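Here the structure is laid out as structure tokens; the discussion comes afterwards.
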Amino acid sequence: MKPTVRNLILQEHAQWLSACSHEWQLLASLPYVVNPSEARREWHHCELCHKPVRYEYHVQNKHNHRELIVGSECVKKFMNAETRYLMVITTEDNFYAVAQYQTLTTAIPVVPTIMFAQPWLPQLPSEQVPQARQLRQTTTQTVTTYLRHKTKQLPLQELKPAEQTYRRLAQAEQDAITTAEEAARAQLLKNQQQRQQQAAQTAEQAEQDLRQSAAYRHYLQQLAAIIVTRPDRATAKQRFEQLSAPTTERPLVNSYQFGQMVTEYRQTGQIQVRRLAMLDHQFVTELNQVTQQLDERQTTRFYDDVFNSCWGWRYHQQATQRADWEKLLTTRWGQPLSLTWFEQLSAQTDSQRVQAWLSQHADATMKRELTQRLVQQSERQPIARTRMTRTELRQFCRREQPSAATLAAFEAAFDRYYQLPAAQQATTHETLAYYYVAHQYQGDHQRALQQLTWLLKS
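The opening position of the sequence shown corresponds to residue 2 in the working numbering, with each subsequent residue numbered one higher.
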């Protein structure tokens, strides 16, 4: 329903009529008049229904003292219970009842409340409701008896205890209301706390699930893989936009924030971004840890590969060794180096000659790292890798299988170059065996694999 004036009147009509009726009372000096004429044209008109009335009740507004003439039917329909009650007594028993009633209510103002208030103490505790009912009944009887006869003697002795009883009951009701409100507030607070606790637990569980998810760990690795290359901000943002972030309530990091991270890591070697307060601190800490670990692994891998490509690995073709050197030159550590540098370094076979050559042709970091590896691998054995990608597995097979006289030799070469976790090492051995056997025969390898799969299942 639209909030128009008409609709408000319709919606609040009953309440407005009830409120308005309490603004009027019978005129004490002349509560009613009976028109002596029996001719209707001589009668006054009711100012509510505008019909001619012989029995005129005079009502007065309590606030502005305006007087109206109202017919008995309109008094019954539109006036409040107090006015209707006085109308009956005034008409049937005592013309001066209204004046007496006003005198009484001036002395004891709570009398109208005790007799006519609706609802009557609605929130009074149930055990006190009979007492309230009895109070209304006896008070009404006392007042009615007093009003039916013209008298100036007020029934104060009878009504004063009633006034005290009412105040006790009203206070009891107010106490009950206060207790109920406090209980409601306490329950509301408890419910709010439970909802907040539940929301906090849900958020905490969601965060834990996110931290433990493969998608989150993979996303950290992807971000770290960009950061460790130390790109310029434009390149970093371009590569960042190509990533797929895990689904979260709000993004873990945006393009601008990631650019700040890349710049900070390039300058300081760590990620803190203290000025970006909106970022999740745990996410920043974990990304910094993953990035530094990846950077350390890649750095270690580079110097391991320099050692292996010069002395540790056995190359069956010189072009293969040259390809490995060219790949190392593309890294950020190898950019100051050259193919000639690698060729000259690999030609140094004696430890003293290597040290002398490094003193003249390598920076302090390169000299320190290679010296450390030369001490650890005094027999110039390969430094085994502890991680392996699919590309690296394919490269190993293509390089080593053609020159391996037996499967055992093929697997032994792999064990020299890679030391993976036991389960992964065993699985890779099985893969190498299938690969080696497949290359010993001419035929449909895919069909053979299908039959092998069938045999293993049966």
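Beta carbons: idealized from backbone N, C-alpha and C, even for Gly.
Just so it is clear, the structure is predicted and the values come from calculations on it, not from any experiment.
Assignment of beta-bridge partners to ARG386 by DSSP yields TYR419.
At the C-beta level, ALA216 and PRO247 come within 8 angstroms of one another. Within the region 275-341, the alpha helix (DSSP H) runs of at least 4 residues that lie entirely inside it are, in chain order, 282-308 and 319-330. Taking C-beta separations shorter than 7 angstroms and ignoring five residues to either side along the sequence, the partners of LEU288 in its chain run LEU221, LEU224, ALA225 and ILE272, following chain order. The DSSP assignment places 112-117 and 130-148 as complete runs of the alpha helix (DSSP H) inside the region 109-178, in order along the chain (cut-off: 4 residues). In this structure, THR140 sits near ILE115, with a CB-CB distance shorter than 8 angstroms.
Just so you know, the alpha carbons of GLN283 and GLN426 end up roughly 34 angstroms apart. Note on geometry: alpha-carbon atoms of GLU39 and VAL76 lie some 21 angstroms from one another.
Residue state for GLU48 is assigned as coil, using DSSP reduced to three classes. A distance below 6 angstroms between beta-carbons, with the five flanking residues on each side excluded, links VAL263 to the following residues of its chain, in chain order: ILE228 and ALA237.
Pairing PHE415 with THR429 gives a Cβ-Cβ distance under 8 angstroms. Per DSSP, reduced to three states, the secondary structure at ILE227 is helical. The straight-line gap separating the alpha-carbon atoms of ASP445 and ALA405 is approximately 23 angstroms. Each residue's CA atom was taken as its position, placing TYR304 and GLU401 some 23 angstroms apart. The C-beta separation of THR372 from GLN356 comes to about 7 angstroms, placing the pair in contact by the 8 angstroms criterion.
For the 8 angstroms CB-CB criterion, GLY313 and ARG399 do not form a contact. Within the region 353-415, the complete alpha helix (DSSP H) runs of at least 4 residues fall at 365-377 and 391-401.
Distance from the CA atom of ALA207 to the CA atom of ARG276, rounded to whole angstroms, is 26 angstroms. Taking C-beta atoms under 8 angstroms as the contact rule, ALA118 and LEU125 fail to qualify, at a distance of about 12 angstroms. From the listed residues ARG42, HIS66 and GLN103, the smallest Cα separation to ARG55 is found for ARG42. Under the criterion of beta carbons closer than 8 angstroms, ASN95 and HIS59 do not qualify as touching, at roughly 16 angstroms.
Ranking LEU329, VAL89, LEU244 and TYR167 by CA distance to the CA of ILE109 puts TYR167 first. A direct Cα-to-Cα measurement between HIS64 and THR107 gives close to 16 angstroms. Counted as a single uninterrupted DSSP element, the stretch harbouring LEU453 is not any beta strand (DSSP E) but the alpha helix (DSSP H) occupying residues 446-458.
Per DSSP, the beta bridge partners of GLY72 are GLU57. Residue VAL71 holds the alpha-carbon nearest to the alpha-carbon of LEU31 among ARG218, GLY260 and VAL71. Residue pairing by DSSP puts TYR33 in a beta bridge opposite TYR58. A straight-line Cα-Cα distance of about 19 angstroms links ARG234 and LEU280.
Each residue's CA atom was taken as its position, placing GLU159 and TRP25 some 28 angstroms apart. With respect to TYR437, LEU408 sits close: the two C-beta atoms are nearer than 8 angstroms. DSSP places LEU87 within a helical segment (H, G or I) once states are collapsed to three. Here DSSP, grouped into helix, strand and coil, assigns LEU27 to strand. Take the alpha-carbon of GLU93 and the one of GLU183: they are about 50 angstroms apart.
The alpha carbon of ALA278 has as its nearest neighbour, out of VAL291, GLN294, THR269 and GLN261, the alpha carbon of GLN261. With a 10 Å radius around the Cβ and a threshold of 16 neighbouring Cβ atoms, CYS47 comes out buried. Annotation for ALA177: GLN124, LEU125 and PRO126 place their beta carbon closer than 8 angstroms to its own, counting only its chain and skipping 5 residues before and after.
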